[in-house]
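Chemist:
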Amino acid sequence: MDQKVLVLNGDYTAITLCSVQKAFVLLYLDKAELIANKEGAFLRTVSMAYPKPSIIKLQRYVRVPYKGIALSRHNIMKRDGFQCQYCGSTKNLTLDHVLPRSRGGDSSWGNLLTACARCNHSKGHRTPEEAGLVVRQKPRKPTLSSFLKLSAGSIDQTWHAYLN
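Numbering (this note's numbering), first residue to last: 225 to 388.
1. Quick one: does A260 have its CB under 8 Å from some CB of chain B?
2. Please report the straight-line C-alpha distance between M301 and Q307, rounded to a whole angstrom.
3. Leaving out five residues before and five after F371 in sequence, what residues of the same chain have Cβ atoms less than 6 Å from its Cβ?
4. Which stretch, first to last residue, makes up the beta strand (DSSP E) that contains H349?
5. Please tell me whether I279 and V244 are closer than 8 Å, where the distance is taken between their beta carbons.
6. Residues in its own chain within less than 8 Å of H345 by CB, not counting five upstream and five downstream?
7. How big is the Cα-Cα spacing for K262 and L241?
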């Protein structure tokens with residue numbers, strides 16, 4: 225029951241992920257409709273069996289003010305796959321400013337990346353090029369759909385049509 229369910233707005237755009245329990249409550253109260261269910265999986269009560277939801281759509285369009293994805297340490301590491309963007313290590317991770325703050329670099333999606341302590345220390349107050357380091361993936365702000373994919377862990381095949 226720790227699996228996630230994709231929640232679509234009234235216009236079929238992906239807005240969030242929720243637990244199976246929350247999705248079932250929305251379906252039971254007729255606040256959402258079932259779009260896709262897990263094959264062969266059911267939620268059982270004493271007298272009934274309900275299909276386990278994979279995708280639900282809200283009955284009404286809900287205006288969700290999109291503020292973007294919060295810039296936080298955890299979200300940057302999640303975007304980078306919890307790996308050093310210089311050597312690929314998963315140990316002793318820190319954040320690194322591509323253009324150091326001492327040279328006018330800011331704390332933004334495009335300037336922060338995940339680095340292990342060793343690479344971060346060897347880079348120092350230099351740019352990656354000056355330190356002889358190669359950035360595996362250019363840092364950029366993730367889109368909502370890409371961030372939902374990262375947050376879900378394993379993605380149900382039926383979600384692809386709504387997340388692309």
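Just so it is clear, CB atoms sit at the ideal spot from N, CA and C, and this is done for glycine as well.
Modeler: For this structure:
1. The chain labelled as chain B is not found in the depicted structure, where only one protein chain is given.
2. For M301 and Q307, the distance between alpha carbons rounds to 7 Å.
3. Excluding sequence neighbours, F371 sits near I293.
4. In the DSSP assignment, H349 falls outside any beta strand (DSSP E), carrying neither H nor E.
5. No.
6. Here the set comprises nothing.
7. Going by the C-alpha atoms only, they are around 15 Å apart.
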